Amino acid sequence: MKKSVLALVLVSWLGWMSGGAIPKAQPVLVRQGPPGGFGPAGLAAKWGPGAPLRPPAPLVDVQSTTGPSADEVSVGAFGAAGDGRTDNGPAIQRAIDYARAHGITAVYFPPGTYLVRAAKAGPGAVKLANGVGLRGAGRASCTLRLDSGQFNPPALFYQAWREEPEVSNVVVAGLTFDGNLSQQRFAPSYQFCHALSINNGHNIEVQGCKFMGFRGDGLLFGDTDELTPDARITRNVRVHDNEFYDIYREGCMFCCTEGAAFYRNWVHGPGYLVGGVDIERHSANETVRHVAVYENQFDFRQGFGPVERGRRVRYRRAVTMGFFYAGYPQGVADGRSGGHQVRDNTIYQGQVDCYGHTEVAISGNVFTNFFEDITGVSHLTPHVILVADARTSTGLVRVQIVRNVIRSQMLGSGIVFNNYTLSSAEDNKIADVKLAGIQLLNASATVLHNTIQNVGSAPAKAAGVLVSGDCNGVVIAYNTVRSTVTGLANPTSCAVELVSYNRSKVPPTIQGNRSVNMAGGVIVEYAGQPKYALLLDNR
497 MKKSVLALVL
507 VSWLGWMSGG
517 AIPKAQPVLV
527 RQGPPGGFGP
537 AGLAAKWGPG
547 APLRPPAPLV
557 DVQSTTGPSA
567 DEVSVGAFGA
577 AGDGRTDNGP
587 AIQRAIDYAR
597 AHGITAVYFP
607 PGTYLVRAAK
617 AGPGAVKLAN
627 GVGLRGAGRA
637 SCTLRLDSGQ
647 FNPPALFYQA
657 WREEPEVSNV
667 VVAGLTFDGN
677 LSQQRFAPSY
687 QFCHALSINN
697 GHNIEVQGCK
707 FMGFRGDGLL
717 FGDTDELTPD
727 ARITRNVRVH
737 DNEFYDIYRE
747 GCMFCCTEGA
757 AFYRNWVHGP
767 GYLVGGVDIE
777 RHSANETVRH
787 VAVYENQFDF
797 RQGFGPVERG
807 RRVRYRRAVT
817 MGFFYAGYPQ
827 GVADGRSGGH
837 QVRDNTIYQG
847 QVDCYGHTEV
857 AISGNVFTNF
867 FEDITGVSHL
877 TPHVILVADA
887 RTSTGLVRVQ
897 IVRNVIRSQM
907 LGSGIVFNNY
917 TLSSAEDNKI
927 ADVKLAGIQL
937 LNASATVLHN
947 TIQNVGSAPA
957 KAAGVLVSGD
967 CNGVVIAYNT
977 VRSTVTGLAN
987 PTSCAVELVS
997 YNRSKVPPTI
1007 QGNRSVNMAG
1017 GVIVEYAGQP
1027 KYALLLDNR
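Structure, rendered in structure tokens:
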């Protein structure tokens, strides 16, 4: 068999547009030969827990010194006082209601600190209105703060969907939302104090804001556990140029949502029980599609995750995509969870995982993780990018992991596929992980042109690529696996290892891989199934 047999490999290169379709897989020419050098220069010197904490870039602040525009109304005209003492909830509500009744597009907050005392019962303090946005004088000078001393306080701003079935065409900008977390009291299981939640609507934009100190989420879009398909859904949502700090559950959550973008945000500090961004389907009646998370910085080097995880560690999930609970009806993926992009993010001390979503592209991200022992910590795995099935589903397909740079000292792998098919890992650079650089577990994928360096440890050596279980038609080609450590301290056993019996119809094709300084050879086959894989020009 010649190299030309592998000249065409189908790789789905997913594009995302709001409401757009996902292109089908297209043939691309496989390059002949290994990729080039490893990773950004000097990256390792910048990744430790003592490294300086900086925003990814100057974040946009929507500032105004001229007061409300002609199509806005000031909350001050309705009795709001930004003195940090007065309860402004009723005045803000009057301003929103007036704007709604008179077709005014936003309420304006002059500089100041606006205290809001939530009602003792109910889902939130201030009701949002269809077509009415919120604009402050700038997040550095305008703060909305939840009053202290409350027990299980509800959301700060929310959609009362029985009264206002739709909240659409709104812009929220130039405000700091402060949940005053350290001054509140909560039941241990309580996670429902959000800064702002919208369950049903479209054309929603949040920009130039800061969200801090909330027990639930900074932002929540869509609804959960619907009785009928997509009864409440958000569409065309944009969240950009914001800062998220110390949010207990999630910085931003997308539930029943179709078409959303989360970009150029800074997510950092303590908290994030579930993750920085949570893209989650809760029941069969919801659609969660086409969410793009890109060009953000997730920095978890400072601060710890919640103690409720079992132990306090810094390492957390930057982006998580999930479909848990009852799972797919009859266990068959229905195409209503996926089409997402997670690309070009900078992630410190964090991971990305995908459970049960399909047609996903994870590309161009840079991960830097120092070692932490996460034994006994819930909602986490040590793998940097994990694509897995939380149950036993069929039809989990097409997750492409491309051009990521992974440096991680966690006791896991760089990339793991579990029970997914028609997927690929291509052009990734992986170093220092303590298990195999890439794992395929009962999965079908192409593994092409990856550079894998110094994986494993001296007492527990690891392979560059590990294949386990029934992996049908796997192609592992033109990868470079190297170790820069010699002698007994060499952590890397081999370039590719087959570790179990494979009952698939099409055996693996392993071709053109290059290894440097392996402790145990180039290709290691499973002893109980010798000569099963097709091996071509590996050295």
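The sequence shown stops at residue 1035 when you use our numbering, and every number in between is there. Cβ atoms here follow ideal geometry from the backbone N, Cα and C, with glycine treated the same way. Keep in mind it's a predicted model, so treat the numbers as computed, not measured.
- A direct Cα-Cα distance of roughly 29 angstroms separates Leu677 from Glu659.
- Under the DSSP assignment, Ile870 falls outside any beta strand (DSSP E); it carries neither an H nor an E label.
- DSSP places Ile588 in no beta strand (DSSP E) but in the uninterrupted alpha helix (DSSP H) bounded by Gly585 to Ala597.
- Separation of the CB atoms of Asn761 and His736 is rounded to 7 angstroms, and the pair is thereby assigned contact status at 8 angstroms.
- Cβ-Cβ distances below 6 angstroms link Asn900 to Asn861 and Asn924 in the same chain, with the five nearest sequence neighbours on each side left out; the list follows chain order.
- Your pair Asp1033 and Arg999 does not check out as a contact, with CB atoms roughly 27 angstroms apart and the cut at 8 angstroms.
- Of all alpha-carbon atoms in Val603, Thr871 and Arg590, the one lying nearest the alpha-carbon of Ala566 is that of Val603.
- Annotation: the continuous beta strand (DSSP E) that includes Ser1011 extends over Arg1010 to Val1012.
- Just so you know, the alpha carbons of Leu642 and Arg807 end up roughly 28 angstroms apart.
- The beta strand (DSSP E) runs of length 3 or more contained entirely in the stretch 832 to 867 are, from start to end of the chain, 837 to 839, 842 to 844, 846 to 851, 856 to 859 and 862 to 865.
- Using a Cβ distance threshold of 8 angstroms, Gly910 and Pro878 do not count as a contacting pair.
- Of all alpha-carbon atoms in Gly704, Gly575 and Arg734, the one lying nearest the alpha-carbon of Leu716 is that of Arg734.
- Minimum Cα-Cα distance from Leu1031 among the listed residues Leu994, Gly645 and Gly704 corresponds to Leu994.
- Between Tyr790 and Gly846, the CB-CB gap reaches or exceeds 8 angstroms.
- Contact between Tyr824 and Ser889 holds: CB atoms are separated by about 6 angstroms, below the 8 angstroms threshold.
- Asp849 and Ile881 have their C-alpha atoms spaced approximately 6 angstroms apart.
- Residue pairing for Val898: DSSP places it in a beta bridge opposite Ser859 and Glu922.
- In the same chain as Gly575, and ignoring 5 residues on each side of it, the C-beta atoms closer than 6 angstroms to its own belong to Ala587, in chain order.
- Counting the other CB atoms within 10 Å of its CB gives Glu804 a total below 16, which places it among the exposed residues.
- For Asn695, the number of other beta carbons within 10 angstroms of its own is at least 16, and it is reported as buried.
- Less than 8 angstroms separates the beta-carbon of Ala884 from that of Asn915.
- In this structure, the straight-line span from the alpha carbon of Thr871 to that of Phe800 is close to 15 angstroms.
- Along the length of the stretch 774 to 802, whole beta strand (DSSP E) runs at least 3 residues long occupy 784 to 790 and 793 to 795, reported in chain order.
- Of all alpha-carbon atoms in Asp719, Ala985 and Ile700, the one lying nearest the alpha-carbon of Cys752 is that of Asp719.
- Going by C-alpha positions, Gly827 is about 29 angstroms away from Val961.
- When Val612, Gly572, Ala857 and Arg797 are compared, the shortest CA-CA separation from Asn584 is found for Val612.
- Apart from the 5 residues on each side of it in sequence, Ala991 sits with its Cβ closer than 6 angstroms to the Cβ of Gly960, Val977, Asn1009, Ser1011 and Val1018 in its chain, given in chain order.
- Annotated three-state conformation of Glu804 is helix, per DSSP.
- Going by C-alpha positions, Thr864 is about 42 angstroms away from Asn626.
- Short of 6 angstroms from the beta carbon of Lys623, and not among the five residues preceding or following it, lie these beta carbons of its own chain, in chain order: Ala656.
- Taking C-alpha positions only, Ser833 is separated from Glu701 by approximately 22 angstroms.
- Asn968 is the residue among Val873, Asn968 and Ser874 whose C-alpha sits nearest the C-alpha of Ser919.
- By the criterion of a C-beta distance shorter than 8 angstroms, Ala829 is surrounded in its chain by Gly852, Thr854, Ser889, Thr890, Gly891, Leu892 and Val893, once the five residues flanking it on both sides are discounted.
- The beta carbons of Gly765 and Asp742 sit closer together than 8 angstroms.
- Less than 8 angstroms divides the Cβ of Phe688 from the Cβ of Pro650.
- By the C-beta density criterion, Thr724 is exposed, having fewer than 16 other C-beta atoms within 10 angstroms.
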